[in-house]
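When you line the sequence shown up against my numbering, it's residues 2 to 489, in that order.
C-beta atoms are modelled at their ideal positions from N, C-alpha and C, and glycine is treated no differently.
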Amino acid sequence: MRGSVLYWIRMVVRGVLILLALATPSVAAPLTVAGNAGRRITVEVPAAPHAPISNTLVLERCRGGCRITKGSNDAANSVSTIPAAAESTVDEFVNSAGMTGALADAEWNAVVQCVQEVYSPFNVTVTDARPANGPYHLAILAGRPGNVGQGNDILGIAPLAGDCSPQNNVISFSFANQHSLVDPARVQTLCWTVSQESAHAFGLDHQYAFSDGRSACSDPMTYRVDCGGQRFFRNQSATCGENSARPCRCGTTQNSHQKLRTVFGEGTPITGDPTVSITLPTATSGFTTTVGGTAGSKRGIRRVELRLNGAGWAEVAGLPFGMNGQDPNGTYSMQVPPGVPDSILDVQLRAYDNLGAFTDSGIVTVTKGAPCTSADTCATGQQCEEGKCFWEPPTGEIGDECPYAQFCKSGLCRGTSDLQVCTEPCDPAGTNTCANDLVCIASGEGMGICFVEDGSCCSVGSGASGPWVHGGLAVAILAFTVRRRRRR
Ligand SMILES: [Zn+2]
């Protein structure tokens, strides 16, 4: 039965075979991956109506061993339905040298720091000190599967509600001591397991691929190992699945970031903003048609934008994630679009992470052609002062009609030759996130754009002015009036 525990375990087991095959690293030195190739499974629990759940997630290393009683879930009193025996003891966390206690402190603290970073965008406190009173969420990161009667191929096990509702006061198990001791990325692997197991208890499913087709290997809810590094809950909808895509248990797709934000509310990321620097043009090169630089972010760069005199003109997507995550010093370059007028230009790069945080590079000032002398030679809507063509800061809200992309705060003006509005990307398969009564209209494989409900929008070649493109067709709508279109 689809909803049964057995079905679910079988689904997961099928996923394991591929993980075993893929987990053999092609990069690392002599590495026994047996410990990392095991299963991370879920146990279905009946959905129960719940009060708002605790905002405390406790990581437990089981100093001297954790005594677990079998029974109805009660994390604060160390009771769980998962162990086979009436009473079980989970062995203390060991480090990569097999040591417990203070000798393992450094590695333990590194894992705690990693999990704190991973959960920092949400209003949840990750701690390794158990509060005096419950309820709280207990993530045991210690011991071996045999300690609770599980097979040696099990790396972790957690309760997952049939309706994906968050479970309060339950224990998830991540069997730290079953993970490979010689994995050079052991801290990140442990962090991955405990992030996934704890999040199962909050109702999250396994993820397979993001809506843009990229592997979900950069999200802790994945089984996939085609990329590595520190895995973060991504603000991107994904298909679910272990070794292939399947519908999610509760919906077509899952956005792990949004789901956890709904459960806990918003927190403050502690991973820092992106870094970015511009390398071309330089102070001596003069104007160049290619602009380049480097950018990096602990969470990963989502996109890098080219800004000229304070307005975005082009962008490139963040680099793919590799076996050690995304290059923290990644190289990005893009062409200056042909519509950029002759002008003195303040050239700048802006790097975004996938939560929308951004950092601007320094500014390099060059002259393209000659300084402007009047707005006549500038782009639509621009002014000319001191030789620079520029726009006033954007004022267009989502749904406002727009003459060009830089009018919009979102930087995105899309539509037909009859109607263009400030818009933003969205997920056509997910819940509608579009502001101001717009709806999400599919614009490509797994991608969507917010638009008026009865509009036909944005297929390539529809005559729409795409992002960043300064279209000559704007002349026809120069007399536009800004008004918000609202549809029911
Ligand atoms: Zn799992």
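In chain order, Arg-304, Val-305, Tyr-333, Ser-334 and Met-335 place their CB closer than 8 Å to the CB of Val-317, counting only its own chain and leaving out the 5 sequence neighbours on each side. Ligand 1 has a heavy atom closer than 7 Å to the beta-carbon of His-207.
For Gln-114, the shortest C-beta to heavy atom distance toward ligand 1 is 7 Å or greater.
When the beta-carbon positions are compared, Glu-198 and Ala-143 stay at least 8 Å from each other. The C-alpha of Thr-126 lies about 48 Å from the C-alpha of Gln-383. Remark: the shortest separation between the CB of Gln-197 and any heavy atom of ligand 1 falls under 7 Å. The beta-carbon distance between Asn-170 and Tyr-137, rounded to whole angstroms, is 7 Å. This is short enough to meet the 8 Å contact definition. One Cα belongs to Asn-256, the other to Gly-163, and the distance between them is close to 18 Å.
Rounded to whole angstroms, Thr-223 and Thr-190 show a C-alpha spacing of 12 Å. Of the residues Cys-373, Thr-381 and Val-440, the one whose Cα lies closest to the Cα of Ile-399 is Val-440.
A residue is called buried when at least 16 other Cβ atoms come within 10 angstroms of its Cβ; Thr-360 meets this threshold and is buried.
Contact annotation, Ala-246 with His-201: C-beta distance approximately 19 Å; criterion of less than 8 Å not satisfied.
About 6 Å separates the beta carbons of Ser-79 and Arg-68, which is inside the 8 Å limit, making them a contact pair. Separation of the CB atoms of Leu-156 and Thr-194 is rounded to 6 Å, and the pair is thereby assigned contact status at 8 Å. Residue state for Pro-146 is assigned as helix, using DSSP reduced to three classes. Secondary structure note for Thr-194: it is in no beta strand (DSSP E), and the uninterrupted alpha helix (DSSP H) holding it is 187-202.
Rounded to the nearest whole angstrom, the CA to CA distance from Cys-409 to Pro-395 is 5 Å. For Glu-108, the enclosing alpha helix (DSSP H) stretches over residues 106-120. Within the region 244-287, the runs of beta strand (DSSP E) that reach at least 3 residues and sit entirely inside it are, in chain order, 276-281.
For Val-59, the enclosing beta strand (DSSP E) starts and ends at 57-61.
Counting C-beta atoms within 10 angstroms of its own C-beta, Thr-269 has fewer than 16 neighbours from the protein chains shown and is therefore classed as exposed. Look at Phe-234 here: in three-state DSSP terms it is coil, with no helix or strand label. If you compare the alpha carbons of Glu-425, Gly-152, Thr-374 and Ser-166 with that of Pro-53, the shortest gap goes to Ser-166. Within 10 angstroms of the beta-carbon of Val-183 lie fewer than 16 other beta-carbons, which makes it exposed. In the three-state reduction of the DSSP assignment, Asp-377 falls in the helix class, which pools H, G and I. In this structure, the alpha-carbon of Gly-397 lies about 18 Å from that of Ala-315. Remark: the shortest separation between the CB of His-201 and any heavy atom of ligand 1 falls under 7 Å. Shown here for Gly-72: same chain residues with a beta carbon closer than 6 Å to its own, the five before and five after excluded, namely Val-80 in chain order. Note on geometry: alpha-carbon atoms of Asp-206 and Val-337 lie some 42 Å from one another.
Under the DSSP assignment, Ile-302 falls in the beta strand (DSSP E) whose first and last residues are 302-309.
Contact annotation: Phe-123 and Leu-261 have beta-carbon atoms nearer than 8 Å. Pro-342 has no beta-bridge partner at all, per DSSP. A direct Cα-to-Cα measurement between Gly-293 and Thr-381 gives close to 26 Å. As a beta-bridge residue in DSSP terms, Tyr-353 pairs with Arg-304 and Phe-359. One thing to note: Thr-283 has its Cβ no nearer than 8 Å to the Cβ of Val-188.
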